[in-house]
Every structure is written in C-alpha cells, then in structure tokens.
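Written out below as structure tokens is the structure these notes cover.
Residue numbers (the working numbering): 12 to 360.
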C-alpha cells in the first residue's frame, strides 16, 4: 500500500527530517566543521605534528616512553575527601607509562625538559581512574587556544631547525602568563631518573565524598627515591632514562606517595598555569609501587588512552578548559596511532 502524506502527517515528517539534520549539525559542530575558526582536536594534533613530524603508530605528544606495571595501596586517609573506591583501604593494580614531552619517539632524553607519568588505576566493578601527570610545577598557558598559539610560535624553521625569534616574542607579549614557564625552563635541572621526579596533575578536579561534600583538589606523586642531578655521562646517552629505569626495577620496586592538595576559596581551580600556595592542606592518600617495565610498542600501556576525564565515581573534572581539550586531543591521537599500528601489522602479515 502506497503512503500518501497529508497535512496531519506533517509533524511526523518534520521529525523524520529535522532530527537527523540536527544530529548531523551537532556532529559537524563537534568536529569544528561549521566553525573553522574554532580550535578543534584535529588542529591541536596537527600543530604537534608540524613541530615534531609525523611518526606513524606513535602518540602525537609524549611519543617516547616506556610501559610500567605495579599497584597502588590506599592508606584510607583520603576517603573523607572522595567516595571513590580507590581511596578506601586496599590495593589495586596499575598500568602506567613514563615519557618525555614532544612528538618525536626518537628524541634524545636530555633534549626535553618535561617528563611525564600516566597511570590507569584498575578498580572494582570495571571502574577506572586515568591520569596524566607532568614533572613541572604548572602548565605554560591557561587555555587550549594559547597552547595552540604556543605550538605555532615554536614551530622550527626549515633552514635553522629553531623557532622564529620574532614569533616567539610576539607570543610572549600576547600571552604574558607563559613567562613563569620560560623562567622555569631556564633554571630547571633535570633529575637523573624518572624515578626521582615529582609528577603533578596540574589541572584541578572535584572530589565528592559519601556525604555529598565537594572540594577542589590537585594531586602529586612524590618520589621516595632521593633526587640527583643528571650526570655528564647521561647527557651523552639518548636513551638513558629507559636504561636507568630497567636497571632500578631489576633491583627493587620504585615508590611514590600520592599527595592530595585541597584548594581554598580564591585558588585558581580552572587555570593550570597558576600555582596554589604551599600551605594548602595536604593528604597522603597512599603509595604507588612500580615493579616492572616493558617497551611501549606492544606493551601493556600501548592500547591505553590516558584520557584525564576517565574517572571513577567520587572524582569529576573541574571547568578548566584544558581538560576537555586534552581529552579530545588524546582521543584523536589514539585513533590515529591505533589505525596506523593496525595498518603496519597488516603489511607484515
């Protein structure tokens, strides 16, 4: 039987046409297609690739790294801050990844001032807590657009391999919040080992406890391994961080204390470029113990996207715009590299 639309069918027809259209508009808007001036995850990833080159099968940032496994033992001390099960007394397995910043998986370890540690806490009932932390006291800038502008200004010139000094100066004038970071880079002395670094969340998050009380926090992994400066011999070894980590783990596990810092009214909870006062309440939530390492390609961390917004109940993101940008860019990077790895595997078979 043929269907002949009438006036009374008009609302139904409009729904059939309009709903898919709205979904398409939302999809295109989310991808940045309708607003070319809007900064998208693809733009962020492309800016990283322009600076470091394209290395198929690798992450677009923090490309050089190594997988680690271990566990986290909660002291129970942070349960009053968050109802997340990870803060109840007990031990959960952890899969992590040490890395150096930048998109070149073959960069010499000494040539990069920023190091990182990402973790996936594997909790009960399928919950996970993923976090990406950096060994620096604050983020260089406060917004995704400023980060993109920084990448553009830092792009190496083909003839010199160095950024355009005038573009860097213009960026600094336009983004004065970056000056403390540049000052930190000039005076920062690298540690001799990944094991000796303190790794900070930089972004703030909301912790909600069993009573429904919410507080803003940041966290740090404070090493139990004493700090030592990088040696002259290590500066000549492009892969010394991985060699050092392997040797240390062959001798004994490595430990860090997870320290939660609690914000006070007036603290910058949506700006990762601002440091909180040192006198903020700190709670030692437990101990991270790392026991083994393995190469990243094909290793235990290879298939993990360390999206900072994959969080258990009791933890949620702040309104820091960098968090959503990181989440989107990490997803874009993950999709690219996993597709490339699958293609590489097909060529081998």
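In this text, a Cβ means the ideal position worked out from N, Cα and C, and glycines have one as well.
Closer than 7 Å: residue i CB and nearest the ligand ZN heavy atom
{"i": "residue 118", "result": "By its list of ligands, the structure shown contains no ligand whatsoever, and the ligand ZN lies outside what it can speak to."}
Contact check, residue i vs residue j, beta carbons under 8 Å
{"i": "residue 97", "j": "residue 323", "result": "yes"}
{"i": "residue 284", "j": "residue 162", "result": "no"}
{"i": "residue 286", "j": "residue 270", "result": "no"}
{"i": "residue 65", "j": "residue 109", "result": "no"}
{"i": "residue 63", "j": "residue 113", "result": "yes"}
{"i": "residue 342", "j": "residue 55", "result": "no"}
{"i": "residue 239", "j": "residue 206", "result": "no"}
{"i": "residue 366", "j": "residue 141", "result": "A query on residue 366 cannot be resolved here, the shown segment of the chain reaching from 12 to 360 and no further."}
{"i": "residue 79", "j": "residue 303", "result": "yes"}
{"i": "residue 280", "j": "residue 227", "result": "yes"}
{"i": "residue 149", "j": "residue 192", "result": "yes"}
{"i": "residue 326", "j": "residue 182", "result": "no"}
{"i": "residue 259", "j": "residue 272", "result": "no"}
Extent of the continuous alpha helix (DSSP H) run through residue i
{"i": "residue 1", "result": "The displayed coordinates of the chain run from 12 to 360. Any statement about residue 1 would go beyond what the structure contains."}
{"i": "residue 364", "result": "Residue numbering for the chain in the displayed model covers 12 to 360; residue 364 lies beyond these limits and cannot be assessed."}
{"i": "residue 194", "result": "190-198"}
{"i": "residue 261", "result": "251-262"}
Unbroken beta strand (DSSP E) run spanning residue i, endpoints
{"i": "residue 218", "result": "216-219"}
{"i": "residue 130", "result": "126-133"}
{"i": "residue 303", "result": "293-306"}
{"i": "residue 145", "result": "139-145"}
Residue i at chain C interface by Cβ criterion, 8 Å
{"i": "residue 124", "result": "Considering every chain present, this structure includes no chain C. It has just one protein chain."}
Presumed contact (8 Å Cβ cut-off) between residue i and residue j, rounded CB distance
{"i": "residue 146", "j": "residue 125", "result": "7 Å"}
{"i": "residue 165", "j": "residue 174", "result": "5 Å"}
{"i": "residue 144", "j": "residue 128", "result": "5 Å"}
{"i": "residue 160", "j": "residue 136", "result": "Residue 160 to residue 136, Cβ: 42 Å. No contact."}
{"i": "residue 214", "j": "residue 329", "result": "7 Å"}
Which residues DSSP lists as bridging residue i, in chain order
{"i": "residue 230", "result": "271"}
{"i": "residue 328", "result": "216"}
{"i": "residue 236", "result": "In DSSP, residue 236 forms no bridge with anything."}
{"i": "residue 210", "result": "232"}
Which runs of the alpha helix (DSSP H) fall wholly inside the stretch 150-179 and span at least 4 residues, in chain order?
155-164
Jot down the residue ranges of each uninterrupted alpha helix (DSSP H) in the stretch 75-110, minimum 4 residues, whole runs only, in chain order.
none
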